[in-house]
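To start, the structure under review is shown below, and the notes come after it.
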Ligand code: FNR
């Protein structure tokens with residue numbers, strides 16, 4: 180095997196090792212995928228200012244995210260069905276993040292449950308909430324996250340209805356996969372994935388199955404999920420969440436200056452400038468293109484995090500220089516996980532850290548907290 184030196188290498192390995200249905204679930208955007216691709220392109224287009232003859236010894240990437248010490252300004256984003264990219268995926272990713280010193284965010288739609296991830300980690304992780312029509316269930320999820328010692332709640336605001344992803348429909352995406360002839364033929368070429376999956380019992384939505392009445396099998400679960408995301412979710416619902424959550428609150432999915440002002444006024448601890456990695460509103464502006472305007476509008480009122488399109492440490496530096504305090508990575512670590520399990524997530528973080536450190540140095544900076552727009556060609 181040739182050396183893995185960048186995220187694209189992990190992506191290529193994941194494509195070979197993860198069943199097509201799940202690999203494509205990650206590597207896809209909604210409809211024409213224009214926003215999905217534009218997210219990466221917008222970061223690529225940004226040019227950096229090269230500075231020379233400065234003392235760049237003793238560099239530091241350390242900072243804080245919502246008051247928590249981190250080794251670099253990165254958190255692992257919530258990703259549905261992580262446990263289908265690799266057996267026990269959520270536990271492995273959470274452990275890799277903990278070892279590295281960055282936050283892990285567990286999605287509502289995970290395979291491993293909140294309690295399961297808590298039992299296999301030693302430090303608090305973050306929990307991402309989708310608000311469901313059944314508010315009682317959403318309330319119980321928050322209670323479970325509090326009991327599991329989660330230190331922050333990431334409330335996702337941009338998925339009240341699902342942006343259509345053509346490939347998921349064509350592939351008949353389900354958890355666990357249905358044993359059709361096409362799926363079985365594909366699995367023949369994914370022995371590594373099958374081997375690990377046979378060793379685990381965690382193969383359905385761990386936060387939901389067994390916790391919701393009438394949802395015992397997967398057919399009723401998929402119907403339940405589609406019908407459950409709450410289309411009435413509005414800013415007053417955020418107030419409702421705050422009544423049940425007394426720790427750090429992060430509002431995710433802001434892609435518009437007006438929305439960022441409302442979110443900041445609500446008193447969130449942080450907002451995530453994000454378009455869900457181009458998986459929701461196809462045609463929305465690239466996340467990086469709106470970041471600067473949002474920083475200018477509310478950067479003095481609320482901590483700003485950024486995601487959608489980060490594939491390198493250079494991308495992280497660009498977002499931080501534009502004014503974000505932290506970033507989330509989604510597919511970049513999911514590719515690592517699909518490629519090599521826990522070691523692959525660690526590899527993703529190592530690649531990002533090295534690229535971020537060297538790029539920062541070549542821009543003439545020694546402390547990530549000092550990076551700013553002076554590092555960008557604007
Ligand atoms: C996601 N994302 C997501 N977000 C969320 O709040 N809850 C979720 O369950 C999921 N599920 C999910 C699945 C997959 C396969 C992907 C790729 C993404 C969005 C995610 O948290 C993040 O916003 C994006 O992944 C960021 O874009 P990049 O880094 O993947 O380009």
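In this note's numbering, the protein residues as written are 180 to 557.
Note that beta-carbon positions come from the ideal geometry of N, C-alpha and C, so glycine has one too.
Item                                                                                                                : Value
Length at least 4, wholly inside the stretch 245 to 300: the alpha helix (DSSP H) runs in chain order               : 261 to 264, 268 to 279 and 293 to 298
Candidates 265, 459 and 491, of which the one nearest residue 338 by Cα                                             : 459
Candidates 186, 197, 482 and 550, of which the one nearest residue 367 by Cα                                        : 197
Beta-carbon proximity of residue 244 to residue 505, cut-off 9 Å                                                    : yes
C-alpha distance - residue 537 paired with residue 531, whole-angstrom precision                                    : 10 Å
For residue 482, the first and last residue of its enclosing beta strand (DSSP E)                                   : 482 to 485
Classification of residue 386 by the beta-carbon crowding that lies within 10 angstroms, buried from 16 upward      : buried
Per-residue DSSP class, three states only, for residue 343                                                          : coil
Nearest to residue 214 (by Cα), restricted to the options 278, 342, 358 and 437                                     : 342
Residue 372 - containing alpha helix (DSSP H), residue span                                                         : 370 to 377
Cβ-heavy atom distance, residue 377 to the ligand FNR, below 8 Å                                                    : no
Nearest residue (CA-CA) to residue 556, options 203, 207, 229 and 182                                               : 229
Per-residue burial, residue 477 [other beta carbons within 10 Å of its own, 16 or more giving buried]               : buried
Residue 447 versus residue 441: straight-line alpha-carbon distance, rounded                                        : 10 Å
Residue 257 beta carbon near the ligand FNR (any heavy atom closer than 8 Å)                                        : yes
Residue from 355, 550, 410 and 222 with nearest C-alpha to residue 259                                              : 355
Distance, residue 226 Cα to residue 130 Cα                                                                          : With the chain covering only 180 through 557, there is no way to say anything about residue 130.
Any non-hydrogen atom of the ligand FNR within 8 Å of residue 432 CB                                                : yes
CA-to-CA distance, residue 238 to residue 533, given in whole angstroms                                             : 12 Å
Residue 322 - DSSP class collapsed to helix/strand/coil                                                             : helix
Inter-residue CB distance, residue 524 and residue 272 (contact presumed, cutoff 8 Å)                               : 5 Å
Residue range of the beta strand (DSSP E) that includes residue 307                                                 : 305 to 308
beta-carbon residue 307 near the ligand FNR non-hydrogen atom, thresh 8 Å                                           : yes
Residue 420 vs residue 285 beta-carbon contact at 9 Å                                                               : no
Cα-Cα separation between residue 364 and residue 202, rounded to whole angstroms                                    : 15 Å
Identity of the residues DSSP links to residue 408 by a beta bridge                                                 : 311
Host alpha helix (DSSP H) of residue 429 (start-end)                                                                : Residue 429 -> not in any alpha helix (DSSP H); beta strand (DSSP E) instead, spanning 427 to 433.
Cβ separation of residue 264 and residue 430, assumed to be a contact under 8 Å, to the nearest whole Å             : No, residue 264 and residue 430 are not in contact; Cβ-Cβ is about 26 Å, not under 8 Å.
CA nearest to the CA of residue 205, picked from 541, 512 and 526                                                   : 512
Separation of residue 217 from residue 210, as counted between CA atoms                                             : 13 Å
Stretch pair the stretch 367 to 380 + the stretch 246 to 254: three plus CB contacts closer than 8 Å                : no
Cβ-heavy atom distance, residue 486 to the ligand FNR, below 8 Å                                                    : yes
For residue 241, the nearest candidate out of 521, 254, 185 and 541 (CA to CA)                                      : 254
Residue 322 classed as buried or exposed, judged by whether at least 16 other C-beta atoms fall within 10 angstroms : exposed
Close beta carbons around residue 189, own chain, < 7 Å, minus the five adjacent residues each side                 : 183, 514, 515, 518, 523, 526 and 527
Buried versus exposed call for residue 295 [16 or more other C-beta atoms within 10 Å across all chains shown]      : buried
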